[in-house]
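A.B. asks: Take this structure first; my questions come after.
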Amino acid sequence: MRTWPVDRVSFGGDYNPEQWPQELWPADVALMQEAGVNFATVGVFAWSWLEPEPGRFEMGWLDQVLDLLQEGDIAVDLATGTASPPPWFSHRYPDTLPVDVDGRTLWPGGRQAWCPSSPVFTEHALRLVEQLATRYHDHPALAMWHVSNEYACHNLPCYCDVSAAAFRTWLTARYHSIEALNKAWGTAFWSQRYSSFDEVLPPRRTPTIGNPTHALDFARFGSDTLLDQFTAERDLLHRLSPGVPVTTNFMTSDHFRLLDYHKWGSEQDVVSTDHYLMGALDDPEAELSFTADLTRGVAGGRPWLLIEHSTSAVNWQPVNVAKAPGQMLRNSLAHVARGADTLGFFQWRASRAGAEKFHSALLPHAGTDTRLWREVCELGAVSARLGEVVGSRVESQVAILWDYQAGWACEQPAHPSGELEYGQVAHDVHAALRALGVTADVVHPDDDLSAYRVVVVPTLYLCSDESAAAVAAAAERGAHVLVTYFSGIVDGNDHIRLGGYPGAFRDLLGVWSEEFLPLRPGRVVALDDDSTGTLWTEHLHADDATVVARYADGPLPGVAALTRRDVGAGAAWYLATRLDPAAMRNLMAELVEEAGATATADVPAGVEAVRRVGEGGSWLFLLNHTDEEVSVPATGYDLIAQHSVDGAARLGPGGSAVLRQA
Ligand code: GAL
1008 MRTWPVDRVS
1018 FGGDYNPEQW
1028 PQELWPADVA
1038 LMQEAGVNFA
1048 TVGVFAWSWL
1058 EPEPGRFEMG
1068 WLDQVLDLLQ
1078 EGDIAVDLAT
1088 GTASPPPWFS
1098 HRYPDTLPVD
1108 VDGRTLWPGG
1118 RQAWCPSSPV
1128 FTEHALRLVE
1138 QLATRYHDHP
1148 ALAMWHVSNE
1158 YACHNLPCYC
1168 DVSAAAFRTW
1178 LTARYHSIEA
1188 LNKAWGTAFW
1198 SQRYSSFDEV
1208 LPPRRTPTIG
1218 NPTHALDFAR
1228 FGSDTLLDQF
1238 TAERDLLHRL
1248 SPGVPVTTNF
1258 MTSDHFRLLD
1268 YHKWGSEQDV
1278 VSTDHYLMGA
1288 LDDPEAELSF
1298 TADLTRGVAG
1308 GRPWLLIEHS
1318 TSAVNWQPVN
1328 VAKAPGQMLR
1338 NSLAHVARGA
1348 DTLGFFQWRA
1358 SRAGAEKFHS
1368 ALLPHAGTDT
1378 RLWREVCELG
1388 AVSARLGEVV
1398 GSRVESQVAI
1408 LWDYQAGWAC
1418 EQPAHPSGEL
1428 EYGQVAHDVH
1438 AALRALGVTA
1448 DVVHPDDDLS
1458 AYRVVVVPTL
1468 YLCSDESAAA
1478 VAAAAERGAH
1488 VLVTYFSGIV
1498 DGNDHIRLGG
1508 YPGAFRDLLG
1518 VWSEEFLPLR
1528 PGRVVALDDD
1538 STGTLWTEHL
1548 HADDATVVAR
1558 YADGPLPGVA
1568 ALTRRDVGAG
1578 AAWYLATRLD
1588 PAAMRNLMAE
1598 LVEEAGATAT
1608 ADVPAGVEAV
1618 RRVGEGGSWL
1628 FLLNHTDEEV
1638 SVPATGYDLI
1648 AQHSVDGAAR
1658 LGPGGSAVLR
1668 QA
């Protein structure tokens, strides 16, 4: 057994040797060494190779793979292989297949075709884990256990009868009595009152809109159920393979919000995640930065592992955009800048067959005489030079609050506007701060807010009294708090807080709203400070706050759109429309300045600056996302170019620098 390498930023990826002839394996290891790979995640989808028939385990091939990797000094992140059961499993136990909202079975033939609530699945998964842990717990290549893969990616929510029974058990534990459930779900509405838990079903397709609290609880149940699957494997691994860290790879990108990663984060020995650029976004790299900051929040501020990303194009978007020369390095450094200590890729060798054969890899189909391979080798070399950064923390004076459960509630149907999505304005704020060179932590409302100078509460639709009190306390203490539209509207049961919106934050902000007037798609409203808003307006009364800007036209000319109230040593701002990007930047610049927060560096447009700080020093990451050469005032030693920078860091088009500073 070895420890996860800490003398460098670890570099590697998923290795699926079962897809290739055995004769190729030694060449794989030699090429890994050439590229500077120092870890491999092995066996993620290998269940049907490890247990080809029920109860018959074949692990000789994996012995060989691990021995080869050990000889090559490559640490192994050993998967438990439980992400996808073999065909014999679903053939034998058809009741373990997941079922969608319309009652359609999701059949085997892809991957992850198992019901999250299935005890039969758990039993078989744990049997495999036991075999692996018993056999490999003291293998010298083993450095980490990788449980399952991207929980929930394809099999949540499941609406089958097994899930229905498990949901009722979960509800009984939560509410104890059916009266309590009726109250929490507001079942006086539309004759939905239950007389027994036996009558409760998953929120399957209904003739019209279902009960939103029912749906919210089902989302909570789904996340908890899969977390139980994870902890069952983790606990067995801790028992049979003590001392080896256990993780499962999250999907913290914003297009995936099925699990409450704040609950999951504290159950990991180390948090790991996957990230893929979304080609359809206006600025995919802004989303990358947000997701990295969120992952750090999920990890409690500690360094985390980027266990998968792509060297170039993926295969599952409508158009799979290839990365430009240099972009893989810049994207990788963006993750490291924001707290990643490991750079993993899907996958080592591009597949020859199967659904992912057009997905990029470290080793492309065309082989080593390729631009991609040369960039892979360069990244391997750079990763090795970044050892001193490992273990250091990211500095931030700004918090953006994020809550998966608020998101689930916010995106229920039959709300004022189907155009409003949870996360929209959080990303707007984050992008504005990033453009200003200001780093934000994306954290849960219950996290400690005491160190932040700016606290942003972006569309926190659902909010507990405690969270609202913590936000108010931050303002009292001196923080500048910005609350945006559709926050604090409901309690934890998704019941409206009466007396005017935004209920939970009304007193703090000194404003109240009597009605929402959302805008049609494409409709722009002017504000009297020359900025514009889209998506949202509301009939706001600023009884105890200063009006900073008003709507100049639209449905509510003259009504307050942006307000500010002095609170204790700080201030509380309310924003009642979705500002255009320039206006959002100006607003964040004002807040940052008033709050006495500082930018990491004075950067030109399109350049990202983030600082990591540790006992051994401080490292300034500068990433040039533009096609021009830029110059940033800075002094230090550039770990990438390996030379000193005195006064000005010059970054070529798309170039990056990591400066060690005093
Ligand atoms: C991830 C998954 C990998 C691979 C990759 C392709 O979701 O964990 O196994 O499928 O996506 O982008």
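In this note's numbering, the protein residues as written are 1008 to 1669. Quick reminder that beta carbons are idealized off the backbone N, C-alpha and C, glycines included.
#1: Beta carbon of A1416, beta carbon of V1490: below 8 Å?
#2: Here's the rule: buried if 16 or more other CB atoms are within 10 angstroms of the residue's CB, otherwise exposed. What is H1153?
#3: Return yes when the C-beta of Y1022 is under 7 Å from any heavy atom of the ligand GAL, and no when it is not.
#4: When the Cα of N1327 is compared with those of H1366, L1313, T1215, which residue comes out closest?
#5: Could you check the C-alpha separation between Q1040 and G1079 for me, to the nearest Å?
#6: Where do the ends of the alpha helix (DSSP H) carrying F1297 lie?
#7: Enumerate, from N- to C-terminal direction, the unbroken alpha helix (DSSP H) stretches of 4 or more residues contained entirely within the segment 1105-1166.
#8: How about W1323: is its Cβ closer than 7 Å to a heavy atom in the ligand GAL?
#9: Using the beta-carbon count (16 or more within 10 Å), is T1176 buried or exposed?
#10: Beta-carbon separation of I1647 and S1663 under 8 Å?
#11: Is W1027 helix, strand or coil by DSSP?
#12: Considering only C-alpha positions, which residue in the set T1633, P1640, E1615 is nearest to A1341?
#13: Considering W1192, what are the terminal residues of the alpha helix (DSSP H) in which it resides?
#14: Quick check on W1380: does DSSP put it in helix, strand or coil?
#15: Identify the continuous beta strand (DSSP E) that holds S1663 and give its terminal residues.
#16: Whole angstroms is fine: what's the gap from A1191's alpha carbon to N1500's?
#17: In the DSSP assignment, what are the bridge partners of I1407?
#18: Any heavy atom of the ligand GAL inside 7 Å of the beta-carbon of Y1268?
#19: For a test of the three-state rule: what should DSSP assign to L1340, helix, strand or coil?
#20: Work out the CA separation of A1299 and H1144 for me, nearest whole Å.
#21: Whole angstroms is fine: what's the gap from A1442's alpha carbon to A1568's?
#22: Using a Cβ-Cβ cutoff of less than 8 Å, which residues in the same chain neighbour Y1182 once the five nearest sequence positions on both sides are dropped?
#23: Going by C-alpha distance, which of P1219, G1575, D1410 is nearest G1485?
#24: So A1090 packs on F1064, CB below 8 Å; how close in whole Å?
#25: So, under 8 Å CB-CB, L1266 and L1233 are touching, yes? Tell me the CB distance rounded to an integer number of Å.
#26: Less than 8 Å separating the beta-carbons of T1607 and V1445?
#27: Can you pull the DSSP bridge partners for Y1581?
#28: Please state the DSSP three-state secondary structure of P1558.
#29: Following a CB-centred definition, is D1261 positioned closer than 7 Å to any heavy atom of the ligand GAL?
#30: So is the beta-carbon of S1317 under 7 Å away from any non-hydrogen atom of the ligand GAL?
#31: What beta strand (DSSP E) runs, 3 residues minimum, are completely inside the segment 1031-1074?
#32: Mind checking whether the beta-carbon of F1353 lies closer than 7 Å to any heavy atom of the ligand GAL?
#33: Just checking N1156 against the ligand GAL - is the residue's beta carbon closer than 7 Å to any of the ligand's heavy atoms?
#34: What does DSSP give as the partner residue(s) for P1640 in the beta ladder?
#35: Check the DSSP bridge columns for V1650 and list the partner residues they point to.
C.D. replies: Taking the geometry as given:
#1: no
#2: By the C-beta density criterion, H1153 is buried, having at least 16 other C-beta atoms within 10 angstroms.
#3: no
#4: Comparing Cα-Cα distances from N1327 to each of H1366, L1313, T1215, the minimum goes to H1366.
#5: Between Q1040 and G1079, the C-alpha separation is close to 7 Å.
#6: 1291-1305 is the extent of the alpha helix (DSSP H) around F1297.
#7: 1126-1143
#8: yes
#9: exposed
#10: yes
#11: In this structure, W1027 counts as coil in the three-state DSSP scheme.
#12: E1615
#13: 1185-1192
#14: helix
#15: 1663-1668
#16: 6 Å
#17: I1407 is bridged to V1449, V1463.
#18: no
#19: helix
#20: 31 Å
#21: When rounded, the separation of the alpha-carbon atoms in A1442 and A1568 is 24 Å.
#22: L1188, A1191
#23: When the alpha-carbon of G1485 is set against those of P1219, G1575, D1410, the nearest one is in G1575.
#24: With a Cβ gap of about 17 Å, A1090 and F1064 do not count as contacting.
#25: 7 Å
#26: yes
#27: V1490, T1570
#28: Reading off the sequence, residue 1558 comes out as Tyr, not Pro. In this structure, Y1558 counts as strand in the three-state DSSP scheme.
#29: no
#30: Short note on S1317: C-beta closer than 7 Å to some heavy atom of the ligand GAL.
#31: 1046-1049
#32: yes
#33: yes
#34: A1655
#35: Residue identity check: residue 1650 is His in the sequence provided, not Val. Its beta-bridge partners are D1645.
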